[in-house]
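For reference, the structure discussed in these notes is given below.
Residue numbers (the working numbering): 1 to 236.
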């Protein structure tokens, strides 16, 4: 099973021999990859929509993996029970707020889970805050560029953790500390984009536009400092 660059990176975060709940599995490509490569011991591939569930079943049957993958039509975690003994929840390609809602929806299952693999499409800062507020610590992150879009993948396990600075929640302390090259690329593009916005607003004397420019300049100061720190660390 060939995966996209994004899904391959997501799958690579799963711990060997896990029991995985692949939430929002779509056509079950990630689930099939995890089973074929003997990464997961068992997988529950769940999707809210009947169409993807039907296609997922056909794909799994075509790969003769029915004994390794269960397919369920489920609204998030609602179709997962404690008896499934899921230790890894994998959610990719959804908005951050939706991911948070899903993780909040089934407390008994969440209490037994030891690992979360999350790839939020938006509101990543909120997801990081949520993890820390619910007893998870971030042990790995990866940022990648796939088809000209930036994606962030987070791996979290049970534990206590907080970040000192808000920008560490916004941009990812793990990525910053490990001088992630794709994060550096993202920050450079963000800095340039912010400057373009400032230039477009510079001729206006509107209080709202002036305030907006100040906010963007403050943000660019943080971005510039992060880029400088990254450059220094690369030289060490």
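Using N, Cα and C, we set each Cβ at its ideal position, and we do this for glycine too.
These figures come from a predicted structure and were not determined experimentally.
Notebook entry, point to check: Going straight from the alpha carbon of residue 216 to that of residue 178, what length do you get?
Noted result: Reading the chain shown from its first residue, position 216 is the one you call residue 216. Reading the chain shown from its first residue, position 178 is the one you call residue 178. Computed Cα separation, rounded: 25 Å.
Notebook entry, point to check: Per DSSP, residue 141 forms a beta bridge with which residues?
Noted result: Walking along the chain shown from the start, residue 141 turns up at place 141. Beta-bridge pairing links residue 141 to 154.
Checklist line | residue 89 and residue 23 closer than 8 Å at C-beta | finding: Mapped onto the chain shown, residue 89 falls at position 89. Mapped onto the chain shown, residue 23 falls at position 23. Contact: yes.
Next item on the list: With a threshold of 16 other CB atoms inside 10 Å of the CB of residue 25, please say whether the residue is buried or exposed.
Entry: Counting from 1 along the chain shown, the entry for residue 25 is found at position 25. When all chains shown are included, residue 25 counts as buried.
Notebook entry, point to check: Of all the beta strand (DSSP E) runs that stay within the bounds of the stretch 19-89, which reach a length of 3 or more residues?
Noted result: 40-47, 69-73
Check: What residue ranges within the stretch 169-231 form continuous alpha helix (DSSP H) runs of no fewer than 4 residues, ordered along the chain?
Finding: Within the stretch 169-231, the alpha helix (DSSP H) runs of at least 4 residues that lie entirely inside it are, in chain order, 173-177, 181-201.
Next item on the list: Throw me the rounded Cβ distance for the residue 45 and residue 68 pair, which I believe falls under 8 Å.
Entry: Position 45 of the chain shown, counted from the start, is the residue given in the question as residue 45. Position 68 of the chain shown, counted from the start, is the residue given in the question as residue 68. Not confirmed; about 10 Å, so no contact.
Notebook entry, point to check: Can you round the beta-carbon distance between residue 80 and residue 21 to whole angstroms, since I take them to be within the 8 Å contact cut?
Noted result: The residue given as residue 80 occupies position 80 in the chain shown. The residue given as residue 21 occupies position 21 in the chain shown. With 8 Å as the limit, residue 80 and residue 21 qualify as a contact, their Cβ atoms being about 5 Å apart.
Notebook entry, point to check: In whole angstroms, what separates the C-alpha of residue 57 from that of residue 1?
Noted result: Translated into positions along the chain shown, residue 57 becomes position 57. Translated into positions along the chain shown, residue 1 becomes position 1. Per the coordinates, the alpha-carbon of residue 57 lies some 15 Å from the alpha-carbon of residue 1.
Note to self: One question on the structure: do residue 66 and residue 92 come within less than 8 Å of each other, judged by their Cβ atoms?
What the structure shows: Position 66 of the chain shown holds residue 66. Position 92 of the chain shown holds residue 92. Going by C-beta atoms, residue 66 is not nearer than 8 Å to residue 92.
Note to self: Using 8 Å for Cβ pairs, my map puts residue 47 next to residue 73. What's the rounded Cβ distance?
What the structure shows: The count along the chain shown starts at 1 and reaches residue 47 at position 47. The count along the chain shown starts at 1 and reaches residue 73 at position 73. That pair is a contact at about 7 Å.
Item checked: Residues sharing a beta bridge with residue 146, DSSP -> Here residue 146 refers to the residue found at position 146 of the chain shown. DSSP lists 149 as partners of residue 146.
Next item on the list: Please say whether residue 43 and residue 31 have beta carbons closer to each other than 8 Å?
Entry: As a working mapping, residue 31 is identified with position 31 in the chain shown. As a working mapping, residue 43 is identified with position 43 in the chain shown. Taking C-beta atoms as the reference points, residue 31 and residue 43 count as a pair closer than 8 Å.
Next item on the list: Check whether the stretch 148-158 touches the stretch 217-224, counting contact only when three or more Cβ pairs, one atom from each stretch, lie closer than 8 Å.
Entry: no
Next item on the list: Can you tell me which of the three DSSP states residue 94 falls into?
Entry: Walking along the chain shown from the start, residue 94 turns up at place 94. For residue 94, the three-state secondary structure derived from DSSP is strand.
Checklist line | Where the beta strand (DSSP E) containing residue 116 begins and where it ends | finding: Within the chain shown, numbered from 1, the residue matching residue 116 stands at position 116. That run of the beta strand (DSSP E) goes 115-120.
Next item on the list: Identify every residue that forms a DSSP beta bridge with residue 13.
Entry: The residue you call residue 13 lines up with position 13 of the chain shown. Answer is none; residue 13 lacks a bridge partner.
Note to self: Taking the straight line between their C-alpha atoms, what separation do you get for residue 230 and residue 180?
What the structure shows: As a working note, residue 230 is residue 230 in the chain shown. As a working note, residue 180 is residue 180 in the chain shown. Whole-angstrom Cα-Cα distance: 8 Å.
Next item on the list: Using the Cα positions of residue 194 and residue 224, report the straight-line distance between them to the nearest angstrom.
Entry: Residue numbering aside, residue 194 sits at position 194 when the chain shown is read from its first letter. Residue numbering aside, residue 224 sits at position 224 when the chain shown is read from its first letter. Whole-angstrom Cα-Cα distance: 12 Å.
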